[in-house]
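Colleague: Protein chains in written order, with this note's numbering: chain A, 3 to 297; chain B, 11 to 212.
Just so it is clear, CB atoms sit at the ideal spot from N, CA and C, and this is done for glycine as well.
One structure follows; several queries about it will come next.
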């Protein structure tokens with residue numbers, strides 16, 4: 003449905019449903035009910051974690067399936083977090099989950115969790131953490147793919163670590179009693195000798211090893227998720243901003259004529275077309291276009 | 011919700027001439043570049059307003075829901091953007107973004123009324139989540155969902171029940187059409203410039 007009040011310009015809105023690769027990626031994951039703790043899960047390979055739907059100590063397959071379905075609806079924009087949270091709470095209740103005893107089939111094999119704590123699968127804090135983490139990982143996994151297109155690597159060669167989500171007590175604040183992201187950035191940078199990365203602001207080329215170091219918790223941080231993209235740590239509100247080429251040149255991360263790898267050696271069909279069109283222009287028009295594009 | 015970009019009105023006459031002469035692959039790649047810039051613009055725009063727009067949460071003294079921050083991350087994904095020879099389309103699958111292009115009337119689904127939070131405790135929580143925990147009830151003769159005060163003599167209203175809510179269009183939820191047009195032109199310019207540079211013509 004188009005809004006007729008818009009002037010006749012080249013922008014139009016509609017509501018035809020379309021799936022995104024984040025949803026496709028999410029739907030391709032396998033259910034992984036597990037009695038593993040967070041620390042155990044951290045020891046699994048990144049590829050296994052990115053291909054699975056799981057939550058620490060969530061041993062019940064139906065609960066994991068509900069988590070998968072709820073996250074899918076969130077990615078599709080069909081739900082908000084309040085409705086998604088209520089669905090999970092109701093499902094866990096219907097499956098007989100109790101934080102002190104776990105699921106009925108656990109038979110006391112899972113350590114009891116304090117009611118209302120993050121270890122309590124049915125607590126608001128735990129459910130919000132599960133949902134937001136999975137949605138953000140799916141979204142940012144896709145974003146990294148998008149950021150590696152030839153156009154993106156040429157025009158936006160780097161990411162900047164920035165705050166996106168509001169936090170009452172952000173890491174690094176006095177009340178948090180924890181290291182902030184500037185300190186984590188410094189530790190990650192030292193770990194990889196600042197290859198492709200600036201010390202300040204927190205900007206690094208997309209293929210800089212600092213992103214992996216940040217996700218792996220360089221400096222001894224054990225609250226990270228093991229991914230080279232946001233969220234880098236549990237409950238983190240940090241994200242990345244695509245940094246334009248000019249800024250990267252100003253920071254000295256790339257040279258003015260540097261072409262980021264990997265680049266296709268040959269022209270794409272569309273690029274060939276542009277050059278063919280150019281060849282048919284008059285010399286005067288070619289000169290005008292050269293001047294315009296050099297500006 | 012989808013934002014479709016086409017046309018080259020914001021380009022210079024010379025660049026428009028080159029763009030208009032493209033067809034098939036050339037036009038598709040042109041639209042990919044235009045769409046990519048629109049995508050970056052939209053992501054940056056949503057990130058900026060996410061940092062400053064917490065009107066409902068602030069009015070209730072509640073923690074923000076980070077609703078717009080979630081939208082910013084969704085719009086940044088690769089297949090949020092599709093392109094073909096006709097246009098580039100940016101898809102934003104996030105509740106509330108439809109309001110950017112029209113008035114929205116919200117009616118309850120599988121319920122008799124919408125429950126609008128009017129207290130910080132209720133913000134970003136469905137009544138069913140709190141019902142047992144806070145012993146919520148509907149005071150007789152009112153349209154509130156409430157909890158009793160500590161002395162049990164009165165109540166604190168947490169939600170008000172309404173049949174529907176109409177939110178007027180808020181075009182400022184997304185960049186303006188002019189901003190979209192300029193971003194698209196930037197993408198077109200960069201695509202053509204890079205193609206000519208690779209082809210040895212610059």
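(1) When the cut-off is 7 Å and only beta carbons count, does residue 136 of chain B lie next to chain A?
(2) Does DSSP put residue 87 of chain B in a helix, in a strand, or in coil?
(3) Considering only the beta carbon of each residue, do residue 51 of chain B and residue 149 of chain B sit closer than 7 Å?
(4) Closer than 6 Å by C-beta to residue 158 of chain B: which residues in its own chain qualify, once you throw out the five before and the five after it? Chain order, please.
(5) In chain order, what residues of the same chain have a beta carbon less than 6 Å from the beta carbon of residue 274 of chain A, not counting five sequence neighbours either side?
(6) Classify residue 265 of chain A as buried or exposed, calling it buried when 16 or more other Cβ atoms lie within 10 Å of its own Cβ.
(7) Taking C-beta pairs closer than 8 Å, name the residues in chain A that residue 28 of chain B reaches, listed in chain order.
(8) For residue 191 of chain B, name the three-state secondary structure that DSSP assigns.
(9) Output needed for residue 77 of chain A: all residues of its chain with C-beta closer than 8 Å, excluding positions within five of it in sequence on either side, in chain order.
(10) Any beta carbon from chain A within less than 7 Å of residue 152 of chain B's own beta carbon?
(11) Please determine if the region 94 to 113 of chain A and the region 65 to 74 of chain A are in contact, where contact requires at least 3 C-beta pairs separated by less than 8 Å.
(12) For residue 93 of chain B and residue 38 of chain B, which I take to be in contact (beta-carbon distance under 8 Å), what is that distance rounded to the nearest angstrom?
(13) How many angstroms separate the CA atom of residue 288 of chain A from the CA atom of residue 32 of chain B?
(14) If residue 35 of chain B and residue 97 of chain B are in contact, beta carbons under 8 Å, what's the gap, nearest whole angstrom?
(15) Considering just the uninterrupted stretch of the alpha helix (DSSP H) at residue 55 of chain B, what are its terminal residues?
(16) Check residue 240 of chain A in the structure and name its three-state DSSP category.
(17) Shortest alpha-carbon distance to residue 106 of chain A belongs to which of A/143, A/83, A/61, A/220?
(18) Looking at the structure shown, is residue 99 of chain A part of a helix, part of a strand, or coil, going by DSSP?
(19) Just the Cα atoms here: how many angstroms apart are residue 182 of chain A and residue 276 of chain A?
(20) I'd like the list of long-range same chain contacts for residue 110 of chain B, defined as Cβ closer than 7 Å, with 5 residues on each side in sequence excluded.
(21) Could you compute how far the alpha carbon of residue 84 of chain B sits from the alpha carbon of residue 240 of chain A?
(22) Check whether the Cβ of residue 135 of chain A lies closer than 6 Å to any heavy atom of the ligand MN, and answer yes or no.
Modeller: On the basis of the coordinates in this document:
(1) yes
(2) coil
(3) no
(4) 165
(5) none
(6) Legend: pLDDT at residue 265 of chain A = 45, less than 50; position of this residue unreliable, value from coordinates given subsequently. Result: exposed.
(7) 276, 279, 280, 283, 291
(8) helix
(9) 22, 24, 25, 28, 137, 140, 141
(10) no
(11) yes
(12) 6 Å
(13) 16 Å
(14) Rounded, the Cβ-Cβ distance is 15 Å, inconsistent with contact.
(15) 35 to 62
(16) strand
(17) A/61
(18) coil
(19) 48 Å
(20) 180, 181, 183, 184
(21) 15 Å
(22) The ligand MN is absent from the structure shown, which contains no ligand whatsoever.
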